[in-house]
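Asks: Residue numbers (my numbering): 25 to 525. Positions of the beta carbon are idealized from the N, C-alpha and C atoms, including for glycine. Quick one: the structure is below, questions incoming.
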Ligand code: GLU
């Protein structure tokens with residue numbers, strides 16, 4: 025790639041950023057990192073009516089969570105604030121005026137109703153301009169309203185910002201606009217089908233079309249990589265580039281994301297705002313790996329890919345044209361893969377963030393020992409509190425004594441078995457070997473002296489030690505809990521059974 029790569033992510037702060045939106049950020053960032061270029065974040069907040077409080081922070085938090093960093097901002101020196109279009113209004117205003125002066129744009133006073141009537145008339149093919157009153161519509165001006173003709177004649181020259189007035193771009197009325205999209209190939213649009221569009225609104229704010237072209241040019245963006253839904257806007261943008269005499273950037277429209285049923289991605293498919301994935305305990309690196317596969321692939325089959333591999337191979341020819349399918353099950357699976365790959369200490373550190381109470385240094389160490397035992401079963405970090413609850417506290421969470429009594433046993437048999445286990449464990453001196461191998465051997469021996477199967481005996485001990493019928497491996501669990509806690513819990517179980525008998 026000859027010229028320096030400069031790409032941007034240009035979200036509108038209209039709500040919580042969803043996965044499709046963040047995927048656009050990710051692809052641009054990866055493309056920049058692959059080419060050693062620059063990645064810019066630009067907040068497109070020129071539609072004041074759709075602005076949602078907190079949306080900018082939610083977008084930036086999402087990026088930071090995924091470790092997507094950006095390289096520039098309006099002030100020198102990082103960490104950078106993003107560009108915000110609402111702080112650049114003067115630039116767009118001047119540029120709109122330039123187009124009016126050049127005759128590429130005009131002031132339009134038409135009301136919504138007038139324009140609707142005009143559109144309807146156009147649709148119905150009543151294109152005889154003399155049948156409509158001047159000022160309402162002159163359909164001789166195929167793409168625009170009557171204001172276009174008046175504007176060209178220089179009839180209007182009041183400053184921008186007057187009530188009820190917008191600046192509209194005069195689209196060429198014949199010929200075609202072509203783009204060579206780097207993903208979708210050659211595309212062309214017939215100009216006569218394009219309506220003149222607003223570039224500056226009556227509130228003095230630019231529309232997206234003007235602001236995006238102005239900024240992509242001024243920020244020297246080399247590649248515009250954005251969602252496919254923006255493809256129909258591209259002829260407008262190209263005409264703006266041409267009217268300004270600017271060199272357009274390259275365009276690459278990213279594939280749509282759908283649910284497994286091929287319908288537009290929605291909450292129904294499990295897709296949600298990026299912040300919610302974080303709350304649900306997805307690892308950012310799993311999320312990133314999952315998202316990159318929504319439209320890109322290494323070789324068509326490899327699913328788990330390191331960030332290094334992704335960056336090294338992030339070329340546009342690996343991006344698909346066809347829609348990417350969002351599969352919630354795959355995300356869950358991938359999260360499990362990444363969880364299993366974490367070193368115990370790191371896993372414990374991350375799990376602690378999902379345990380609501382404060383863990384002191386001892387508990388944190390304890391969690392490091394627990395983490396490897398739950399690592400296999402943990403699919404999302406938000407399960408951390410529940411999955412580790414049976415380890416914390418001197419006694420296990422409350423349980424029904426009846427669950428101690430395994431199938432084929434009675435209360436007396438269970439009590440006797442517990443007493444034998446207790447005396448065996450007491451025979452290990454405090455500070456003695458309480459390792460899982462030792463425990464398995466010792467308690468295995470105890471089992472042989474009882475008329476119980478291993479399944480029954482160990483099932484009983486599991487419930488006694490953890491309060492649950494399902495837990496991490498029993499002997500490792502006991503080892504991590506330590507002698508005193510296990511004895512206390514077995515004693516409690518015996519007391520419970522005594523009360524039953
Ligand atoms: N502001 C647009 C959005 O919200 C950006 C479109 C573009 O990248 O040109 O997605």
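1) Please classify residue 419 as buried or exposed, where buried requires at least 16 other C-beta atoms within 10 Å of its C-beta.
2) Going by beta carbon distance, what residues of the same chain come within less than 8 Å of residue 411, once the five residues before and after it are set aside?
3) Identify whether residue 148 lies in helix, strand or coil by the three-state DSSP scheme.
4) Any idea what DSSP makes of residue 19, helix, strand or coil?
5) In three-state terms, what does DSSP make of residue 240?
6) Go to residue 125, then tell me how far its alpha helix (DSSP H) extends in each direction, as first and last residue.
7) Whole-angstrom Cβ separation of residue 277 and residue 254, contact assumed at under 8 Å?
8) According to DSSP, is residue 306 helix, strand or coil?
9) If you reduce the DSSP assignment to three classes, tell me which class residue 274 lands in.
10) Rounded to whole angstroms, how far is the Cβ of residue 202 from the Cβ of residue 129, which I believe are closer than 8 Å?
11) Report the CB separation of residue 194 from residue 172 in whole angstroms; it is logged as a contact under 8 Å.
12) Counting along the chain, where does the alpha helix (DSSP H) carrying residue 392 start and finish?
13) Decide if the stretch 307 to 325 is in contact with the stretch 56 to 66; the criterion is three or more beta carbon pairs, one per stretch, under 8 Å apart.
14) Under the assumption that residue 347 contacts residue 279 (Cβ atoms under 8 Å), give the Cβ distance between them as a whole number of angstroms.
15) If we ignore side chains and look at the alpha-carbon of each, how far apart do residue 248 and residue 127 end up?
16) According to the Cβ coordinates, are residue 350 and residue 281 closer than 8 Å?
17) CB residue 39 to CB residue 79, shorter than 8 Å?
18) For residue 138 and residue 219, I'd like the C-alpha separation in whole angstroms.
19) Which residues in the same chain have their Cβ closer than 7 Å to the Cβ of residue 238, if we skip the five residues on either side of it in sequence?
20) Leaving out five residues on either side along the sequence, give the residues of the same chain with a beta carbon under 6 Å from the beta carbon of residue 320.
21) If you measure between the beta carbons of residue 428 and residue 517, is that distance less than 8 Å?
22) Of all the options 54, 47, 41 and 27, which has the alpha carbon lying nearest to the alpha carbon of residue 332?
23) Hey, how far is the Cα of residue 157 from the Cα of residue 140?
24) Does the ligand GLU have a heavy atom nearer than 7 Å to the CB of residue 254?
25) Could you name the residues that DSSP lists as bridge partners for residue 19?
26) Quick one: any contact between the stretch 380 to 388 and the stretch 350 to 364, if contact means 3 or more CB pairs under 8 Å?
27) Which two residues bound the contiguous beta strand (DSSP E) that contains residue 269?
28) Please report how far the alpha carbon of residue 476 lies from the alpha carbon of residue 498, in whole angstroms.
29) From this set, 204, 267 and 390, which residue's C-alpha is nearest residue 506's C-alpha?
30) Would you give the residue range spanned by the alpha helix (DSSP H) that residue 485 belongs to?
31) Compare the beta carbon distance of residue 109 and residue 196 with 8 Å and say whether it is the shorter of the two.
32) Taking its Cβ as the centre, do 16 or more other Cβ atoms sit within 10 Å of residue 377, making it buried, or is it exposed?
33) Tell me whether residue 34 counts as near the ligand GLU, meaning its Cβ is closer than 7 Å to at least one heavy atom of that ligand.
34) If you measure from the beta carbon of residue 497 to each beta carbon in chain B, is any gap under 8 Å?
35) Which residue comes first and which comes last in the beta strand (DSSP E) that contains residue 42?
36) Along the chain, where does the beta strand (DSSP E) containing residue 209 start, and where does it finish?
Replies: To lay it out plainly:
1) Exposed, by the Cβ-count rule.
2) Around residue 411: 398, 401 and 402.
3) In the three-state DSSP reduction, residue 148 falls in the coil class, being neither helix nor strand.
4) A question about residue 19 goes unanswered here, because the residues of the chain that appear run from 25 up to 525.
5) helix
6) DSSP places residue 125 in the uninterrupted alpha helix (DSSP H) bounded by 113 to 126.
7) 7 Å
8) coil
9) strand
10) A Cβ-Cβ distance of about 22 Å is found for the pair residue 202 and residue 129, leaving them out of contact under the 8 Å criterion.
11) 6 Å
12) Per DSSP, residue 392 is one residue of the alpha helix (DSSP H) stretching across 385 to 398.
13) Touching, no, given that fewer than three Cβ pairs across the two stretches are closer than 8 Å.
14) 5 Å
15) About 27 Å.
16) Taking 8 Å as the Cβ cut-off, residue 350 and residue 281 qualify as a contacting pair.
17) yes
18) 14 Å
19) 115, 116 and 119
20) Closer than 6 Å at Cβ, skipping near neighbours: 342 and 343.
21) yes
22) When only C-alpha atoms are compared, the closest one is 54.
23) The predicted model places residue 157 with a pLDDT of 45, which falls under 50 and marks its position as unreliable, so this point remains unresolved.
24) With a cut-off of 7 Å, the C-beta of residue 254 is classified as near the ligand GLU, since at least one heavy atom of the ligand falls inside that distance.
25) Residue 19 lies beyond the residue range present for the chain, which begins at 25 and ends at 525; the question has no answer from this structure.
26) Not touching, per the Cβ criterion.
27) Segment: none, residue 269 is in no beta strand (DSSP E) and carries neither H nor E.
28) Spanning the two alpha carbons is a distance of roughly 17 Å.
29) 390
30) 478 to 490
31) Contact flag unset, no.
32) exposed
33) yes
34) No chain B appears in the structure shown, which is made up of a single protein chain.
35) From DSSP, residue 42 is part of no beta strand (DSSP E); its letter is neither H nor E.
36) 209 to 214
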